[in-house]
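UniProt numbering puts the last residue of the sequence shown at 315; the count rises by one with no breaks.
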Amino acid sequence: MSKLLRLIGNRLIWLPVMIIGVTVLVFFIMSLSPIDPAYSVLGENATEAQAAAYRAEHGLDQPIVVQYINFMIGMFHGDLGTYGASNASVTEQVMRALPITLQLTFMGLIIGVVAAVILGVISALYRDRWPDQIIRVFSIACIATPSFWLAVLLILQFQGSLPVAGKLPDFSTDFSGWFMRMLLPSISLGVPVAGQLTRVVRTSMVEELDKDYVRTARGAGIPYSVVVARNVLRNALITPVTVLGLRIGYLIGGAVIIEVIFNLPGMGMTIVSAIQSNYIYLVQGVVLTVAIAFILINIVVDMLYILIDPRIRSI
Numbered sequence: 001m002s003k004l005l006r007l008i009g010n011r012l013i014w015l016p017v018m019i020i021g022v023t024v025l026v027f028f029i030m031s032l033s034p035i036d037p038a039y040s041v042l043g044e045n046a047t048e049a050q051a052a053a054y055r056a057e058h059g060l061d062q063p064i065v066v067q068y069i070n071f072m073i074g075m076f077h078g079d080l081g082t083y084g085a086s087n088a089s090v091t092e093q094v095m096r097a098l099p100i101t102l103q104l105t106f107m108g109l110i111i112g113v114v115a116a117v118i119l120g121v122i123s124a125l126y127r128d129r130w131p132d133q134i135i136r137v138f139s140i141a142c143i144a145t146p147s148f149w150l151a152v153l154l155i156l157q158f159q160g161s162l163p164v165a166g167k168l169p170d171f172s173t174d175f176s177g178w179f180m181r182m183l184l185p186s187i188s189l190g191v192p193v194a195g196q197l198t199r200v201v202r203t204s205m206v207e208e209l210d211k212d213y214v215r216t217a218r219g220a221g222i223p224y225s226v227v228v229a230r231n232v233l234r235n236a237l238i239t240p241v242t243v244l245g246l247r248i249g250y251l252i253g254g255a256v257i258i259e260v261i262f263n264l265p266g267m268g269m270t271i272v273s274a275i276q277s278n279y280i281y282l283v284q285g286v287v288l289t290v291a292i293a294f295i296l297i298n299i300v301v302d303m304l305y306i307l308i309d310p311r312i313r314s315i
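Set out below in structure tokens:
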């Protein structure tokens, strides 16, 4: 247990370093934007004196390093700045949009993982037979299908029977309405991931099924289904979990696009409207939040990898 805690602690130690690195990258890239935040808030008809007063009030006339330090201080206090003529809070807008993106990402992840495990296990158990061949073709088709294209096809096919637009019901008060509204976007997001993970699960299962401990267990009279469920499947999931961590970024990025197609008020719609309105601080807040979420999710996946594979704890 002490080795496990030490490994988890090592991962957590690097977490602040990665977050600071992301903030530096995002902040300084956004500072290169030719859009003047003063005029984006005050409007194009604002005078230079009004713009100068706005810059002085918000510290935009200070050196870039000072601006970054002020931004970090505000971020640690939960303040990502304001945007628009009404000085709306970036933090409040992000907190409204982020749960929707996370819900879509999580649901797409569930669809992708469940389908991949089921199909990958079946494909490995029926290796080189007709179920394996069918699943191989299906997984390749899923990999070759872009999420946005699949989303359009699903809208055209199910727009009369399933909701594809309109207000998103609240998760806690109307679960069935929420589920039906999120079903097609989640399928669009999860199908390509399912295709990729299916091939990884199949390969890992085949490698485990060919190992000596499987033949020894079967020779000892242990039922084949018990060996597969208790030993083979657990060992075979180590590689897919690692690959899944790399696909989290795809899921989050894909969710942003899918939200726009299905008109979901998540981070995707927020960043599109922010770009169209030249709200630099809102764009910066959304990008930074998504990047930090990606880091945190990968840390969780990394810890899950440590828990699944006991061999890592002995290193």
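C-beta: ideal position from N, C-alpha, C; glycine also. Owing to the predicted nature of the structure, the values given are computational and were not obtained by experimental measurement.
- Secondary structure at S33: coil, using DSSP grouped into helix, strand and coil.
- In this structure V117 is buried. Its beta-carbon is surrounded by 16 or more other beta-carbon atoms within 10 angstroms.
- The secondary-structure analysis by DSSP pairs S172 with nothing; it has no beta-bridge partner.
- Here N263 is not near G112, since their CB atoms are 9 Å or more apart.
- Contact between V65 and Q284 fails: their C-beta atoms lie close to 17 Å from each other, not under 8 Å.
- Of all alpha-carbon atoms in L12, L104 and E57, the one lying nearest the alpha-carbon of I258 is that of L104.
- The C-alpha of S161 is placed about 19 Å away from the C-alpha of W149.
- The Cβ atoms of S204 and N235 lie closer than 9 Å to each other.
- Spanning the alpha carbons of V152 and F138 requires a straight line of approximately 19 Å.
- Below 8 Å, too few C-beta pairs join the stretch 52-67 and the stretch 213-224 to call them touching: fewer than three.
- Rounded to whole angstroms, M267 and I261 show a C-alpha spacing of 13 Å.
- Inter-segment contact for the stretch 233-252 and the stretch 125-141 is absent: fewer than three beta-carbon pairs are separated by less than 8 Å.
- Less than 9 Å separates the beta-carbon of A115 from that of V191.
- In the displayed model, S86 falls within coil according to three-state DSSP, outside both helix and strand.
- Here M107 is near L189, since their CB atoms are less than 9 Å apart.
- Membership of D132 in the alpha helix (DSSP H) is indicated by the continuous run W130 to I143.
- Annotation: S89 to G21 spans about 24 Å, alpha carbon to alpha carbon.
- T216 sits in a helix when the DSSP states are folded into three classes.
- For E57 and Q50, the gap between their C-alpha atoms comes out near 10 Å.
- The beta carbon of L42 sits closer than 8 Å to the beta carbons of Q50, A51, Y54 and A85 from its chain, once the five residues preceding and following it are set aside; these are given in chain order.
- Rounded to whole angstroms, the separation of the alpha carbons of C142 and I238 is 22 Å.
- Relative to I122, the option among L98, N10 and V200 whose CA is nearest is V200.
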